[in-house]
DNA sequence: TTCAAGATTTCCT
DNA sequence: GGAAATCTTGAAA
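Residue numbers (my numbering): 7 to 208.
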């Protein structure tokens with residue numbers, strides 16, 4: 007029996023949380039149906055000092071407001087005028103750090119995910135292998151921005167706080183799409199399960 | 001008030 | 001391999 011992860015699981019620094027989230031189950035309840043996937047790829051964003059983070063320099067806007075909430079909330083943002091991306095807020099309230107969920111291995115509700123992703127997608131590996139792809143597959147949009155993953159009935163994370171993936175099974179690499187961030191672009195803040203078929207494309 | 005660029009994906013040449 | 005899709009934000013004018 008898997009339980010929902012408690013508040014204490016999320017109230018840690020974003021690197022620790024990014025690694026701890028690997029292998030846990032992200033669950034979305036949409037139209038009375040469970041859509042779920044195992045988290046296989048994440049990226050840590052370190053807040054005011056991190057030039058690649060939306061809260062760099064202490065920026066606080068209507069869009070990134072959720073990043074300032076307590077650990078365990080969802081931060082969903084709209085990018086490039088057409089895509090949504092899901093983050094799990096880490097740390098404590100007023101500490102704007104978060105973990106971007108970049109890829110899932112879909113395990114529940116695959117037919118509904120295929121329907122959401124459209125006719126061009128034919129293989130399970132294409133369903134959730136990318137931050138915007140998984141949001142489309144799980145019907146995650148701005149309406150879920152700021153929801154509390156610890157108490158929400160629509161979006162939450164199941165697993166065990168004690169479950170830890172061995173370091174040998176985790177690959178750390180540079181984050182994707184942040185080339186503009188200077189020194190921060192090269193830091194090994196992206197984590198994924200070694201050799202997993204559902205990570206986002208290279 | 002205008003403009004450029006972004007934590008992306010898809011489709012076209 | 002390159003461009004388009006087109007919302008949000010910060011900086012320039």
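Glycine included, C-beta positions come from ideal geometry on N, C-alpha and C.
Take the Cβ of residue i as the centre, count every other Cβ of all protein chains shown within 10 Å, and call the residue buried at 16 or more, exposed below.
| i | result |
| --- | --- |
| residue 88 | exposed |
| residue 49 | buried |
| residue 107 | buried |
| residue 43 | buried |
| residue 55 | exposed |
| residue 186 | exposed |
When you compare the CB positions of residue i and residue j, do they come within less than 7 Å of one another, or not?
| i | j | result |
| --- | --- | --- |
| residue 151 | residue 24 | no |
| residue 171 | residue 46 | no |
| residue 27 | residue 78 | no |
| residue 52 | residue 85 | no |
| residue 105 | residue 96 | yes |
| residue 190 | residue 57 | yes |
| residue 141 | residue 90 | yes |
Looking at C-alpha atoms only, which residue of the options is the closest neighbour of residue i?
| i | options | result |
| --- | --- | --- |
| residue 9 | 17, 32, 19 | 32 |
| residue 40 | 27, 116, 79, 84 | 116 |
| residue 160 | 65, 64, 36, 190 | 36 |
| residue 20 | 195, 169, 185, 200 | 195 |
| residue 63 | 34, 101, 165, 30 | 101 |
| residue 76 | 18, 69, 139 | 18 |
| residue 200 | 29, 22, 124 | 29 |
| residue 93 | 69, 113, 112 | 69 |
| residue 16 | 207, 167, 197, 82 | 167 |
| residue 109 | 131, 126, 119, 121 | 131 |
For the beta strand (DSSP E) containing residue i, name the first residue and the last one.
| i | result |
| --- | --- |
| residue 105 | 104-114 |
| residue 15 | That residue, residue 15, is in no beta strand (DSSP E); its alpha helix (DSSP H) goes 13-16. |
| residue 91 | 89-95 |
Residue range of the alpha helix (DSSP H) that residue i falls in?
| i | result |
| --- | --- |
| residue 20 | 20-27 |
Inset, instruction - Would you check if there are 3 or more beta carbon pairs closer than 8 Å linking the stretch 135-151 to the stretch 168-180? - result: no
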